[in-house]
Structures are given as C-alpha cells and as structure tokens.
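Colleague:
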Amino acid sequence: MLPHPKFSYEILNHSYYDIGLLKLQTAAQLGPNVNVVCLPASSDIGSEEQQAFVVGWALFGKKAGSDLERLLALALFSLRIGSREITTFSPAEWVH
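The opening position of the sequence shown corresponds to residue 1 in the UniProt record's numbering, with each subsequent residue numbered one higher.
(1) Measuring only the C-alpha atoms, how far is V36 from K6?
(2) Report the rounded CA-to-CA distance for L24 versus M1, giving the unit in angstroms.
(3) Using the DSSP secondary-structure output, state which residues sit across from L2 in a beta bridge.
(4) Please return the same chain residues whose Cβ sits closer than 6 Å to the Cβ of Y17, not counting the five positions on each side in sequence.
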C-alpha cells in the first residue's frame with residue numbers, strides 16, 4: 001500500500017488525502033465493487049502548470065453512532081511529471 005504522502009491517521013475526520021495505490025501480486029477479479037481506471041499515456045501528460053480534476057466519493061461529517069454522510073468531492077491538483085513529486089494537492093471542495 002502506498003498512501004498519499006500527506007495522509008494522516010490522526011486527522012481522519014478531515015482526510016483530504018485519503019487516497020493510495022495498491023500493488024497486487026495477482027490480477028483483481030473485476031465486479032460491481034472492483035473495476036479499472038485508465039491512466040494517461042506519458043505522451044498525454046501536460047506541463048507542471050496544467051491542472052486536472054478528479055471526482056470521487058468521500059466521507060464527510062463522521063460522528064459516533066450516526067450513519068456516514070457521503071458527499072461528492074472534487075479535488076484539484078497539479079499533474080505529476082515523470083518521477084517528480086506532486087507538489088500541489090489542495091483539499092477537496094465539498095459539492096453539496
């Protein structure tokens with residue numbers, strides 16, 4: 001498991017960086033809860049100043065004894081170029 005470098009277990013109520021990568025020893029069985037994502041070819045990656053949007057589900061407002069409220073989150077970050085670190089990964093803007 002490779003978590004986002006800014007992820008913190010101490011700040012789970014504000015996990016803006018709650019994303020990571022898994023390297024599997026064998027291929028995953030695809031189904032309703034497991035699917036693939038398409039990544040761009042290296043020739044399709046733009047400049048460091050170019051911005052991209054990622055949309056996905058995130059947890060928000062977790063309280064003891066209550067159901068988890070789910071909101072659609074929009075994250076804005078700078079593209080990673082080659083092996084260089086992502087230097088900008090702003091907190092999610094919650095979409096109501």
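The beta carbon of each residue, even a glycine, is placed where N, CA and C say it ideally should be.
Modeller: The relevant details are as follows:
(1) On the sequence shown, residue 36 is found 36 positions in, with the first residue counted as 1. On the sequence shown, residue 6 is found 6 positions in, with the first residue counted as 1. Answer to the nearest angstrom: the Cα atoms are 24 Å apart.
(2) Indexing the sequence shown from 1 puts residue 24 at position 24. Indexing the sequence shown from 1 puts residue 1 at position 1. Spanning the two alpha carbons is a distance of roughly 9 Å.
(3) Indexing the sequence shown from 1 puts residue 2 at position 2. In DSSP, L2 forms a bridge with L21.
(4) As a first step, residue 17 must be located in the sequence shown, where it is residue number 17. Only H4, K6 and F7 meet the Cβ criterion.
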